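> Can you keep this structure in mind? I'll have questions shortly.
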Amino acid sequence: MDDSAVSLASLRAGARGVVQGVIDDDSTLGEETGATIVMRLIEIGFVPGERFEIIAESRPSGDPLAVRIGGTCFALRRREAAAVLVSVTP
Numbered sequence: 007m008d009d010s011a012v013s014l015a016s017l018r019a020g021a022r023g024v025v026q027g028v029i030d031d032d033s034t035l036g037e038e039t040g041a042t043i044v045m046r047l048i049e050i051g052f053v054p055g056e057r058f059e060i061i062a063e064s065r066p067s068g069d070p071l072a073v074r075i076g077g078t079c080f081a082l083r084r085r086e087a088a089a090v091l092v093s094v095t096p
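Residues 7 to 96, numbered by the numbering used here, are exactly what the sequence shown covers, in order.
In structure tokens form, the structure reads like this:
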């Protein structure tokens, strides 16, 4: 994984980049659901090398995020997005 990788959850609307990977982090996902969420994210297209764009954030909390990946737009909670590591492109 790229050393400059950041969590998708840390980004704002308009951010674009490339997925570096998905991590199973019990501190953000929870032990029981972590593996399930990771598998779901991979199945819907959050795989290394895939390009993404954050389309929108809900207001006022910013949760969930609308993320376009592989030509499809998905709504992700920030805690789910925290498991996706990405590199940002200008």
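Virtual Cβ for every residue (Gly too), placed ideally from N, Cα, C.
Nothing here was measured: the structure is a model prediction, and the numbers come from that model.
Beta-carbon separation of Val28 and Val92 under 8 Å?
Not a contact, by the Cβ cut-off of 8 Å.
> Leaving out five residues before and five after Glu63 in sequence, what residues of the same chain have Cβ atoms less than 6 Å from its Cβ?
Cβ within range, chain order: Ala19 and Leu71.
> In this structure, does DSSP put Glu56 in helix, strand or coil?
In this structure, Glu56 counts as coil in the three-state DSSP scheme.
> Give the DSSP bridge partners of Ile29, in chain order.
The partner list for Ile29 (beta bridge, DSSP) is empty, contrary to what the question assumes.
> Can you give the Cα-Cα distance for Ile75 and Pro66, rounded to whole angstroms?
Taking the straight line joining both Cα atoms gives about 24 Å.
> Is the beta carbon of Asp69 closer than 8 Å to that of Arg83?
Result yes, Cβ atoms of Arg83 and Asp69 sit closer than 8 Å.
> Hey, could you find the ends of the beta strand (DSSP E) Arg74 is sitting in?
That run of the beta strand (DSSP E) goes Leu71 to Ile75.
> Excluding the 5 residues flanking Gly55 on each side, which residues of the same chain have their C-beta closer than 8 Å to its C-beta?
Result list for Gly55: Val24 and Val25, in chain order.
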